[in-house]
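First residue of the sequence shown? That's 769 in this note's numbering, and the numbers climb one at a time after it.
Using N, Cα and C, we set each Cβ at its ideal position, and we do this for glycine too.
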Amino acid sequence: METPTSILHQPKSVWAVAFACVIAFMGIGLVDPILPAISAELGATTAETELLFTSYLLVTGLAMFFTSFVSSRIGAKPTLLVGLALIVVFAALAGASGSVNEVIGFRAGWGLGNALFISTALATIVGAASGGADRAIILYEAALGLGIAVGPLLGGALGSISWRGPFFGTAVLMAIGLVAILALLGRMPAPTTRVPLSATFRALRHRALLTLGLAALFYNFGFFSLLAYTPFPLETAARASGYADFGAHELGLIFCGWGLCVAITSVFAAPRLTARFGRRNTLYAMLVLLAIDLGAMALLVDRFWVLVGCTIGGGLFLGVMNTVLTESVMEATELPRAVASSTYSGIRFVGGAIAPALAGVLAAALSPAAPYVVGAVALVVAIGVLLLGRHHLAHLDEDEAEPETVAEQAVVLTAADS
């Protein structure tokens, strides 16, 4: 029986933003299944094709530092709508492109819209949701996981027709999200204070936020070493194993499994683990497991089913990491949530932007295993950052929620989303 504190008992504005989040996060994994096809049909190298991720993530990360400045002047709802509109326009332009450089450029514009939307959406959900910040973040991470899961599936389905299909499909879906926000998100209070342009940079003086941001930078490097680079060794290993018809559809199914694991553990596992072991110990454990996972992919990069298992299995650890890191950041300081979210997300996405660009170069210059080795090392560095800054994070393990209560709420959410 639903109670007033149920995670499902949310204002319609929260559900409207969460729905749009699912569609927005589809853009992260949407291009994964079509990377080899884009490379082949546009005559691009692996390194050039990987720049589709780099331009998108780099612009997203840099723009994140200024989104709280923008939203505090024009308001949260207009910021969300402008972000969604930019994604619609640039996704459509990417689908109409005639060269890989055009796609890279339009993905950068897509990243600008993504930045305006994502950081404002997180702050909006956390501020408007009932049941506390932790439950709101679980809802946000569930939307992230579902979007990441559905993105490759849609990308694979449309990409099997044409590499342009996923881009046009995203434009249509984001237009639907824009209409949902416009119709369901009511009038929001006007900003009471204007965030200075320097606010997100000054926020880095908070040692807890800086520690978590730097750890997230190296974690995201490992994250995108797996997400952005894996389609290429997967296709090579599949062909070597005799799967001649392996293509966008099959890649989409594999990364859909990966995204489902991200969604499930972000909702089910993260609350239980943090309640039992604390946030910091959970972060250490997940980073170690992810480093081992990437290490196995490096050692057995030519084994198709090993790559499939490690890719999907890696989602289990990534889901927990995403939720626990986001919870930690939102509870780390007394800063306004929009400022904390923008600062953290900016650092995090810049780390993700470096990995794809470097992966293509390393694979060509050294070996197909090299990007995974560097990704695993980045995860070890993230552990070192957390250990060095542990004194600034001691308060994160105070007042953990009861495991049974949060887990039951998460079960209901996942069932509803399914």
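Exercise. Buried or exposed: which applies to residue 1007, given that a residue is buried once 16 or more other Cβ atoms fall within 10 Å of its Cβ?
Worked result: exposed
For this session: Give every residue of the same chain whose Cβ lies closer than 7 Å to the Cβ of residue 1129, excluding the five residues on either side of it in the sequence, and list them in chain order.
Result: 815
Exercise. How many Å lie between residue 860 and residue 949 at the Cα?
Worked result: 20 Å
Exercise. At a cut of 8 Å, does the stretch 793 to 801 reach the stretch 933 to 952 through at least three beta carbon pairs?
Worked result: yes
Problem set entry | Where the alpha helix (DSSP H) through residue 1102 begins and ends | Neither: residue 1102 is in no alpha helix (DSSP H) and is coded neither H nor E.
For this session: Determine the contact status of residue 1001 and residue 920, defining contact as a CB-CB distance below 7 Å.
Result: no
For this session: Taking only runs that begin and end inside the stretch 827 to 855, name each unbroken alpha helix (DSSP H) of 4 or more residues, in chain order.
Result: none
Exercise. Hey, how far is the Cα of residue 857 from the Cα of residue 877?
Worked result: 9 Å
For this session: Using beta-carbon positions only, say whether residue 1048 and residue 1161 come within less than 7 Å of one another.
Result: yes
Problem set entry | Close-in-space but distant-in-sequence residues of the same chain around residue 812 (CB under 8 Å, 5 per side omitted) | 806 and 868
Exercise. Residue 1193: which of 1014, 1069, 849 and 1110 sits nearest, CA to CA?
Worked result: As displayed, the chain neither begins before 769 nor continues past 1186, which places residue 1193 out of reach and without an answer.
For this session: Count the other CB atoms, across all protein chains shown, that sit within 10 Å of the CB of residue 880; report buried if there are 16 or more and exposed otherwise.
Result: buried
Problem set entry | Distance cut-off 6 Å: residue 1058 Cβ against heavy atoms of the ligand MG | Here there are no bound small molecules, and the ligand MG is not part of this structure.
Problem set entry | Limits of the alpha helix (DSSP H) - the one that residue 796 falls within | 780 to 798
For this session: Look at the alpha carbon of residue 1172 and the alpha carbon of residue 1060, and state the distance between them as a whole number of angstroms.
Result: Caution is warranted here: a pLDDT of 36 is assigned to residue 1172, below 50, making its placement in the model unreliable, and the coordinate value is therefore given only provisionally. Roughly 30 Å between the two C-alpha positions.
For this session: Using beta-carbon positions only, say whether residue 888 and residue 1111 come within less than 7 Å of one another.
Result: no
Problem set entry | Close-in-space but distant-in-sequence residues of the same chain around residue 953 (CB under 6 Å, 5 per side omitted) | 781, 784 and 845
Problem set entry | Helix, strand or coil at residue 886 according to DSSP, with G and I counted as helix | helix
Exercise. Would you say the stretch 1096 to 1110 touches the stretch 976 to 986, given that touching needs at least three Cβ pairs under 8 Å?
Worked result: yes
Problem set entry | Endpoints, the alpha helix (DSSP H) within which residue 989 is located | 975 to 995
Exercise. From which residue to which residue does the alpha helix (DSSP H) around residue 802 run?
Worked result: Taken as a continuous stretch (DSSP letters only), residue 802 belongs to no alpha helix (DSSP H), as it is neither H nor E.
For this session: Under 6 Å Cβ to Cβ from residue 988, same chain only, skipping five residues before and after it: list those, please.
Result: 1116, 1119 and 1120
Exercise. Would a check of beta-carbon distances place residue 1110 closer than 7 Å to chain C?
Worked result: Protein chains in the displayed structure number just one, and chain C is not present.
For this session: Go through its chain and collect everything with a Cβ distance to residue 1030's Cβ below 6 Å, but skip five positions before and after it.
Result: 913, 916, 1083, 1086 and 1087
Exercise. Shortest alpha-carbon distance to residue 871 belongs to which of 818, 1064 and 1134?
Worked result: 818
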